[in-house]
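K.L.:
Input: one structure, supplied below.
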Amino acid sequence: MRNALLRTARQQLTARHLLGLAVFLGFFAVVLDVSREMFIGLTIAIVIGEGFTVLQNTPEVDQRYVKGAMGVGVVGGSLVMGYSIVAGGSGAAWFPILTLLGGLWLLADVHADFRHGRGADAGQSEDLSSEEVMLLMNHGHLVATALEDGPSTVEQLATDCDLTESRVREALNFMERSGTVSHDGDRYVLREENVGPWAFVRNLATGTVRRIARPFRI
3 MRNALLRTAR QQLTARHLLG LAVFLGFFAV VLDVSREMFI GLTIAIVIGE
53 GFTVLQNTPE VDQRYVKGAM GVGVVGGSLV MGYSIVAGGS GAAWFPILTL
103 LGGLWLLADV HADFRHGRGA DAGQSEDLSS EEVMLLMNHG HLVATALEDG
153 PSTVEQLATD CDLTESRVRE ALNFMERSGT VSHDGDRYVL REENVGPWAF
203 VRNLATGTVR RIARPFRI
């Protein structure tokens, strides 16, 4: 485990990355001239964030424990902020209440993950690069445009879109997961009710509500 964490840290905390963080902190210290307390708090937040990113990007680490630690940290920080306000400090009371609810939700989500045996590798980096994701989305657009003329097979779509069959299958798999296409036998059909800006907003809202409610499902 230690070697795996060190490997991920070396991959993530490159000289260029550390230089960028130093410039970011320098901007706050020199240009914005923030207080010493704020600068220390910002530095601690960055260190903690980088540490969690290393944990998230290490395949050997059970991500449920990482999320649980985040939940504990958020709950603890919320209680400290709340106590400070109750003791006469300045600040809006709603903010620690909101963050406390967020931390409790994280802990409930971790409990649900353990109960259902899921989420051990959630949040870890995907193998696809940003360029590959953009290429996949472009191919998906070509396939969707071709399917507007009616159901088609993989072979027909490859010809219509001037793509290889493997690329078409990748796009179709991606579109099936997002609910924009379905298949009947070897023919794929565009689900027009799930295409367009309104469908995107509806699916986003529905997905968000389902994700928030997931920890509380039996």
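Note that the sequence shown covers residues 3 to 220 in our numbering.
Ideal Cβ placement from N, Cα and C applies to all residues, glycine included.
Remember, it's a predicted structure, so these values are computed and weren't measured experimentally.
(1) On the DSSP bridge assignment, give the partners of residue 190 in chain order.
(2) Would the region 181 to 188 count as touching the region 141 to 161 if we require 3 or more Cβ pairs under 8 angstroms?
(3) By the 10 Å Cβ neighbour count, where 16 or more other Cβ atoms means buried, how is residue 173 classified, buried or exposed?
(4) Suppose the cutoff is 7 angstroms on Cβ atoms and the five residues either side in sequence are ignored; what does the same chain contact list for residue 30 look like?
(5) Compare the beta carbon distance of residue 70 and residue 108 with 9 angstroms and say whether it is the shorter of the two.
(6) Suppose the cutoff is 8 angstroms on Cβ atoms and the five residues either side in sequence are ignored; what does the same chain contact list for residue 83 look like?
(7) Quick check: what's the CA-CA separation for residue 115 versus residue 67?
(8) Taking the runs of the alpha helix (DSSP H) that are 4 residues or longer, which of them lie wholly in the region 37 to 99?
(9) With a 10 Å radius around its C-beta and 16 neighbouring C-beta atoms as the bar for buried, classify residue 168 as buried or exposed.
(10) Between which two residues does the alpha helix (DSSP H) holding residue 176 run?
(11) Within the same chain, show all residues whose beta-carbon is closer than 8 angstroms to that of residue 219, passing over the 5 residues directly before and after it, in chain order.
(12) Buried or exposed for residue 85, going by 16 or more other Cβ atoms inside 10 Å?
(13) Answer with buried or exposed for residue 60, where buried requires no fewer than 16 other C-beta atoms within 10 angstroms of its C-beta.
(14) State the DSSP-derived secondary structure class of residue 120, mapped to helix, strand or coil.
(15) Determine whether the beta carbon atoms of residue 63 and residue 6 lie at a separation below 9 angstroms.
(16) Identify, in the order they occur along the chain, each residue of the same chain with its Cβ nearer than 6 angstroms to the Cβ of residue 143, setting aside the five sequence neighbours on each side.
(17) Tell me which same chain residues have a C-beta within less than 7 angstroms of the C-beta of residue 155, skipping the five on either side of it?
(18) With DSSP as the reference, label residue 106 as helix, strand or coil.
(19) Quick check on residue 16: does DSSP put it in helix, strand or coil?
(20) Roughly how many angstroms lie between the CA atoms of residue 47 and residue 210, to the nearest whole one?
P.N.:
Taking the geometry as given:
(1) Within the sequence shown, the letter at position 188 stands for residue 190. In the DSSP output, where bridge partners are listed per residue, residue 190 has 154, 185.
(2) yes
(3) By one-based count along the sequence shown, residue 173 stands at place 171. So residue 173 ends up on the buried side.
(4) Residue mapping note: residue 30 aligns to position 28 of the sequence shown, counting from 1. The beta carbon of residue 30 sits closer than 7 angstroms to the beta carbons of 36, 41, 44 from its chain, once the five residues preceding and following it are set aside; these are given in chain order.
(5) Against the sequence shown, residue 70 aligns to sequence position 68. Against the sequence shown, residue 108 aligns to sequence position 106. Contact: yes.
(6) Taking the first residue of the sequence shown as position 1, residue 83 is located at position 81. 93, 97, 98, 101, listed in sequence order.
(7) Stepping through the sequence shown from its first residue, residue 115 is reached at position 113. Stepping through the sequence shown from its first residue, residue 67 is reached at position 65. So the alpha carbons of these two residues sit roughly 10 angstroms apart.
(8) 38 to 58, 65 to 88
(9) What you label residue 168 is simply residue 166 of the sequence shown in a count that begins at 1. Exposed: under 16 other Cβ atoms inside 10 Å.
(10) As a working note, residue 176 is residue 174 in the sequence shown. Per DSSP, residue 176 is one residue of the alpha helix (DSSP H) stretching across 167 to 180.
(11) Working through the sequence shown from its first residue, we reach residue 219 at position 217. Here the set comprises 114.
(12) In the sequence shown, counting from the first residue as 1, residue 85 sits at position 83. Burial call: exposed.
(13) Counted from its first residue, the sequence shown places residue 60 at position 58. The residue in question, residue 60, is buried, as its Cβ has 16 or more Cβ neighbours within 10 Å.
(14) Reading the sequence shown from its first residue, position 118 is the one you call residue 120. DSSP places residue 120 in coil when its eight states are reduced to three.
(15) Position 61 of the sequence shown holds residue 63. Position 4 of the sequence shown holds residue 6. For residue 63 and residue 6, yes; Cβs fall inside 9 angstroms.
(16) Along the sequence shown, one-based indexing puts residue 143 at 141. Within the same chain, residue 143 has no close Cβ partners at all.
(17) Stepping through the sequence shown from its first residue, residue 155 is reached at position 153. Result list for residue 155: 188, 189, in chain order.
(18) What you label residue 106 is simply residue 104 of the sequence shown in a count that begins at 1. Secondary structure of residue 106 (DSSP, three-state): helix.
(19) The residue you call residue 16 lines up with position 14 of the sequence shown. Three-state result, residue 16: coil.
(20) Numbered from its first residue, the sequence shown carries residue 47 at position 45. Numbered from its first residue, the sequence shown carries residue 210 at position 208. Distance between the alpha carbons of residue 47 and residue 210: 27 angstroms.
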